[in-house]
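Novice: Numbering that gives the first Met the number 0 puts the first residue of the sequence shown at 0, with every later residue one more than the last.
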Amino acid sequence: MKKILKKVLLFGVLIICGLWYILGGQNLNLGNINNKNNLVQEAEVNDKDKSEQEIEVEDKDKFKQGVEVKDKKKDEYQQETKVKDEEKSEQAANINIKEELLLVNRKHGLSKDYIPKGLSIPNIQFLSKSENDERHVAGIVVKPLEELINTAKAEGIILLGNSGYRSYKSQQDVYKSRVKSQGKKLADAYVAKPGFSEHQSGLCIDVTNKSRYFVDGTKEADWLAKNCYRFGFIIRYPKEKKSVTGIEHEPWHIRYVGKKAAKYIHDNGIALEEYLGK
Ligand SMILES: [Zn+2]
0 MKKILKKVLL FGVLIICGLW YILGGQNLNL GNINNKNNLV QEAEVNDKDK
50 SEQEIEVEDK DKFKQGVEVK DKKKDEYQQE TKVKDEEKSE QAANINIKEE
100 LLLVNRKHGL SKDYIPKGLS IPNIQFLSKS ENDERHVAGI VVKPLEELIN
150 TAKAEGIILL GNSGYRSYKS QQDVYKSRVK SQGKKLADAY VAKPGFSEHQ
200 SGLCIDVTNK SRYFVDGTKE ADWLAKNCYR FGFIIRYPKE KKSVTGIEHE
250 PWHIRYVGKK AAKYIHDNGI ALEEYLGK
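Dropping the structure here:
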């Protein structure tokens with residue numbers, strides 16, 4: 000019996016050992032599998048993280064690039080705007096030089112095709128005999144001229160418009176008829192050749208009074224000489240300046256140059272040629 004018991008015990012121990020071995024091995028294997036799973040998961044997570052980070056970085060880059068592109072576009076736009084503004088101010092400056100301070104005399108002529116901008120008839124009283132075409136002045140002259148005439152009226156001085164803009168062709172007609180009636184010498188002394196009359200610029204106008212006797216010493220001529228600068232006008236052909244302007248004194252011919260230039264010319268008793276240094 001003892002022998003049989005011993006065998007059973009030994010067999011049992013063997014079975015237990017075997018089972019323990021098998022189970023232990025499985026555990027080990029499970030451990031390995033778990034480790035493997037962990038590694039795979041970690042690797043996946045890492046990959047995910049990496050790709051997420053990469054995407055984030057890419058997105059950031061893209062965003063940055065987008066912003067940079069936008070900024071560049073902004074800069075370009077700002078530069079373009081700046082250039083346009085500069086062009087505008089240059090154009091404005093040119094307009095001032097070309098229009099308000101445009102010099103027309105016997106040396107500086109206008110082309111046959113020159114027509115002043117914004118030609119229109121000012122709302123003032125005209126000499127009834129004045130021609131409709133010659134009632135026009137350049138756009139920039141309209142308001143200052145109306146102010147001058149209205150202020151004069153308020154101060155008891157009646158000024159009448161007589162002759163403003165004259166086209167190249169009408170100046171040609173005036174010159175030709177004067178040559179015919181008075182001879183070339185007298186015509187050249189008093190009438191500008193076509194293209195060399197300031198009247199073609201639309202910046203000047205001959206005014207007169209009701210008696211049509213507009214000379215120094217009349218209250219109208221004296222008021223005009225004293226006050227026209229306040230509205231941006233000058234007596235274009237002053238006394239004692241024939242050597243500079245090339246034209247006899249004309250108390251009736253006023254020229255718009257803008258308030259700043261008019262005040263300087265008035266205060267210093269100079270001609271437009273002297274003001275412009277020509
Ligand atoms: Zn004139």
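The beta-carbon is built from N, C-alpha and C at its ideal position, and this holds for glycine as well.
Would you call the segment 178-187 in contact with the segment 143-158, where contact means no fewer than 3 C-beta pairs closer than 8 Å?
Specialist: no
Novice: Since Y236 and E247 are thought to touch, with beta carbons under 8 Å apart, how far apart are those beta carbons, to the nearest angstrom?
Specialist: 7 Å
Novice: Restricting to runs no shorter than 4 residues, where is the alpha helix (DSSP H) found entirely within the segment 129-174?
Specialist: Fully enclosed alpha helix (DSSP H) runs of no fewer than 4 residues occupy 138-153 of the segment 129-174, in order along the chain.
Novice: On the three-state DSSP scale, how would you describe D112?
Specialist: coil
Novice: Using CA atoms only, rank isn't needed, just tell me which of A191, F232 and S119 is closest to I148.
Specialist: Among A191, F232 and S119, the Cα nearest to that of I148 belongs to F232.
Novice: Could you work out which residue in I139, E249 and A261 is closest to G216 when comparing CA atoms only?
Specialist: Of the candidates I139, E249 and A261, the one whose C-alpha sits nearest the C-alpha of G216 is E249.
Novice: Would you check if the segment 117-128 and the segment 184-191 touch, i.e. whether three or more CB-CB distances between them fall below 8 Å?
Specialist: no
Novice: Mind checking which residues open and close the alpha helix (DSSP H) that includes H265?
Specialist: Note, H265: alpha helix (DSSP H), K258 to N267.
Novice: Would L271 pass as a contact of S200 if the rule is Cβ separation under 8 Å?
Specialist: Result no, Cβ atoms of L271 and S200 do not sit closer than 8 Å.
Novice: Should A261 be labelled buried (16 or more other beta-carbon atoms within 10 Å of its own) or exposed?
Specialist: Label assigned to A261: buried.
Novice: Where does the unbroken alpha helix (DSSP H) through E219 begin, and where does it stop?
Specialist: K218 to N226
Novice: Do you know whose CA, among R229, V214 and K116, lies nearest S166's CA?
Specialist: K116
Novice: Any chance the CB of E247 is under 7 Å from a heavy atom of ligand 1?
Specialist: E247 Cβ: outside cutoff for every heavy atom of ligand 1.
Novice: Between which two residues does the beta strand (DSSP E) carrying Y255 extend?
Specialist: E249 to Y255
Novice: To the nearest angstrom, how far is the alpha carbon of R309 from that of G245?
Specialist: Not covered by the structure: residue 309. The range shown for the chain is 0 to 277.
Novice: Assuming D205 is part of the beta strand (DSSP E), what are its boundary residues?
Specialist: C203 to T207
Novice: Apart from the five residues just before and just after G281, which ones in its own chain have a Cβ nearer than 6 Å to its Cβ?
Specialist: Only positions 0 to 277 of the chain appear in this structure, which leaves residue 281 out of reach.
Novice: If you measure from the CB of D311, is any heavy atom of ligand 1 nearer than 7 Å?
Specialist: With the chain represented from 0 up to 277, any question about residue 311 goes unanswered, as that position is not in the structure.
Novice: Between the beta-carbon of L126 and the beta-carbon of V136, is there less than 8 Å?
Specialist: no
Novice: Quick test of your reading: C203 and H252, contact by CB under 8 Å. State the CB separation rounded to the nearest angstrom.
Specialist: 6 Å
Novice: Quick check: what's the CA-CA separation for K259 versus E133?
Specialist: 27 Å
Novice: Going by beta carbon distance, what residues of the same chain come within less than 8 Å of G268, once the five residues before and after it are set aside?
Specialist: P237
Novice: Quick check: what's the CA-CA separation for L275 versus E146?
Specialist: 26 Å
Novice: I'd like to check one pair, A153 with W222: are the Cβ atoms closer than 8 Å?
Specialist: One thing to note: W222 has its Cβ no nearer than 8 Å to the Cβ of A153.
Novice: Please report the straight-line C-alpha distance between S110 and Y228, rounded to a whole angstrom.
Specialist: If you draw a straight line from the Cα of S110 to the Cα of Y228, it is about 28 Å long.
Novice: Is it buried or exposed, S176, if we count other Cβ atoms within 10 angstroms and call 16 or more buried?
Specialist: That one is exposed.
Novice: Tell me, which residues are paired with I246 by DSSP?
Specialist: DSSP output for I246 lists no bridge partner at all.
Novice: Specify, as a first and last residue, the run of the beta strand (DSSP E) that S236 falls within.
Specialist: Here the sequence assigns Tyr to residue 236, which means Ser is not the residue at that position. Looking at the DSSP string, the run of the beta strand (DSSP E) that includes Y236 is F232 to Y236.
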